[in-house]
Each structure stands twice: as structure tokens, then as C-alpha cells.
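To keep things clear, I will list the structure first and then write my remarks on it.
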């Protein structure tokens, strides 16, 4: 069950999916498991929906693990899901948030890739789709969104780790999310959790031009990072994807922003300089705990600034 | 299961735009089969490169010849993966 579940270790996909059922069973009036579709290899894609009722309330989207080797992202999302569930009714902030908004949390955004990292290749990043005319598999699901698709910072080579795929939303894993967000129509925030390098970013990635809400998102991001850093002093940088890392087209938060979701952010979690994607399991809870503070700040801001 | 015995992850701290451009040529080349964990964009951010064992000598020489500072972040990738796998199995037994 969710109380005995060990959040301080990494888990295989089947254990995570089983844990989701426990979460729903343990919080039946708060959490439901929504299948938004299936992956390329036909694994179910689940979202945990946190909702206290109401019809089509304004909502916050959070996804983790779109790049499958970024295990700390998924592990942190598991911890944060449990934190949000157990804090509801106890922490006034979380209670107020879920009283007004729904939160959709996707813990394993790339299930095929995640399973593959556990069985065949720990360093696998992409989806597992077959690429016509190539022996190399997979599309980078964070280069496949319809936001400057095929532009700088994405590769047309199917063997590249940043292969953008044959067309925007060709990756079924991406299309499933796009369909959900569009059909819902009332998402106010879109937050994507990656690893590593300790950054909090906002659009754009496909161009280095400022977004219209640059000043506001920068300010929100800086305060979120202040909250995050208050726990262990972890140092984060804040900025647009293009200016803070590199120009990268076809990214998820560029798409969400261009589709009207103003509060679009991407986290890059720990670490810097020791383990990269192989962050030891004893770092999961500290990472998740500090990230929760930053994430909570963003969610509170979204709650308090309806648009 | 794919193994990475002897592979290293190098942390590169480029000092100039010229060095960033050199690293971009390295990134765009396919000969060394490099996996850039973080990418060359500015001298403010470190660049982490997973280098297969077979390419280690050539890549390190490239960096040294161009006076690009680097150090070894992960000495042997497979050792780290083995430890991670042991932890996973131990925790699975404990949890089970």
C-alpha cells in the first residue's frame, strides 16, 4: 500500500502502476486514475487526477519522465503525489488549491522508454517506436510537439537522441497528452519535470525571442526557486529554455504556452556534477521535497491569479 | 542488457565561444558515438559527455589539443549502473 511503499528507491513500471491503484484506493474521494491512451508498445498511459469535484474545473498539468532515463523525475513525482494526497485536508494551501482546481499528474509519461531502461538500456531517452527506413528506434518526445517543430535544436536523424520524428505529434505518447489538454480546454498551468542540471525554465525553446509574459513567468520562477532552495540551499538558475540552456524546438511547454496555457514551466532536477542521470536513490526524497516547495509555489500562484 | 564497461562521463567547462563551437562539431559528428547529457551552448554551463570506452582516448586528446578544460565526472559508468542495480534488487527483496 502507499504507506509501506518505499519512496526512497527507484521502481519498475509494474510497481508504479500497482502503486497508482493503491493511491486511488487510499484516497477515493480525491484521486482517480485516468487512462489517456496507450503507448507505442501498447502500455497504458495513466494520469492521476486530483479533484474534489466540480465539472471541468481549471486544472494544472504536471508530467514527469518524458525522457525515460531521467529516473529522478518519475521518483520525485511519486513522492509528490503522495505528499499532495496526504497534505490535502491538513495543509491549508493544498486544501485550498484542490478546492478550486484539479491537478493532473502524469508520473510515467514515456512508459515504453521507462520499461526499456529497466530491462535493456539504462541510458535510453526516447520512445521505442520503429522509424521507417532506419534501424534506429525512438523519437525524442520533447522535440515532437507542434511548436517550431523541426527547427533548431532537434535532429532529423532517427539515430539521434533528439530526433524530432516524422511530423508534429507523431509520437502517440505526445498525441495522447495533446488530445487530453485540447479536449479539456481549461488547463491553466503546464509543468514538465525533467532531470538534471537544476534549472527552472519557461518558454520559449524554439526561439530566443521573449514571450509576452516573460516578466511575470520570470518572477514566478524566481520565487519558486527561492522556495525550493530554502530547504537545502540547492542552487537553481531561472530563464527561458533558449537563453538558459540552448535553442530546442518542438518542446512541450512551448506548445502549451502557444495553446493558451500561460503558466508553462519545466524543471530540471538535481544533480550537477557527480552522477548526472544516475542520481543515487538516497537523493530521491531530498530532491522531491525541495522540488515540491517550488512546485507548490507555482501552483499557489496559478490558483491566486486566474485568467 | 546493454553494458557500458569503461565508458566515462566527462564534465567539460568551455572557456570561450570558440571552444563551444568546437564542442558543437564534436556533438554533430557521429564517429565517436558520444551522448551529450548536457549540451554546448554557453561557457556558463558545464557540458557533460558520455564517452564510450572505445572513443575515450580520441575525445580526451581532442579536448587537450584544443585546451578545453575537463575532468572525469563518472570514472566507469557500468560500475555505477551495477551499484544502482544492486540497490534496486536489494530494495525489491526488502519490499517483497
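Chains as they are written, first to last, in this note's numbering: chain V, 12 to 318; chain E, 436 to 531.
C-beta: ideal position from N, C-alpha, C; glycine also.
Of the residues assessed, residue 524 of chain E falls on the exposed side of the cut-off, its CB having fewer than 16 other CB atoms within 10 angstroms. The alpha carbon of residue 38 of chain V has as its nearest neighbour, out of V:238, V:68, V:148, V:100, the alpha carbon of V:100. Residues of chain E whose Cβ lies closer than 7 Å to the Cβ of residue 99 of chain V do not exist; the shortest such Cβ separation is about 26 Å. In chain order, 60, 61, 62, 68, 70 place their CB closer than 7 Å to the CB of residue 113 of chain V, counting only its own chain and leaving out the 5 sequence neighbours on each side.
Distance from the CA of residue 494 of chain E to the CA of residue 164 of chain V, rounded to the nearest whole angstrom, comes to 23 Å. Here the alpha carbons of residue 473 of chain E and residue 198 of chain V stand approximately 31 Å from one another. With a cut-off of 8 Å on Cβ pairs, the stretch 259–271 of chain V is not in contact with the stretch 490–506 of chain E, counting fewer than three such pairs. It is roughly 15 Å from the alpha-carbon of residue 449 of chain E to the alpha-carbon of residue 257 of chain V.
The DSSP-derived three-state label of residue 474 of chain E is coil. A contact between stretches requires three or more CB pairs, one per stretch, nearer than 8 Å, and the stretch 244–261 of chain V meets this requirement with the stretch 215–222 of chain V. Within the stretch 128–142 of chain V, contact with chain E at the beta-carbon level (separation under 8 Å) is assigned to 130, 131, 132, 133, 134. If you check the CB distance, residue 135 of chain V and residue 263 of chain V do not come in under 7 Å.
Scanning V:115, V:78, V:203, V:225 for the CA closest to the CA of residue 96 of chain V turns up V:115.
Note: residue 251 of chain V is bridge-paired with V:213 in the DSSP secondary-structure output. Taking one beta carbon from each stretch, the stretch 440–448 of chain E and the stretch 229–249 of chain V have fewer than 3 pairs nearer than 8 Å; the two do not touch. Within chain E, the residues placing a beta-carbon under 9 Å from that of residue 21 of chain V are 519, 522, 523, 526, ordered along the chain. What residue 476 of chain E touches in chain V, judged by beta-carbon distance under 7 Å, is 256, 257, going in chain order. A distance of 7 Å or more separates the beta carbons of residue 233 of chain V and residue 308 of chain V. With a cutoff of 7 Å on beta-carbon distance, residue 301 of chain V and residue 211 of chain V are scored as not near each other.
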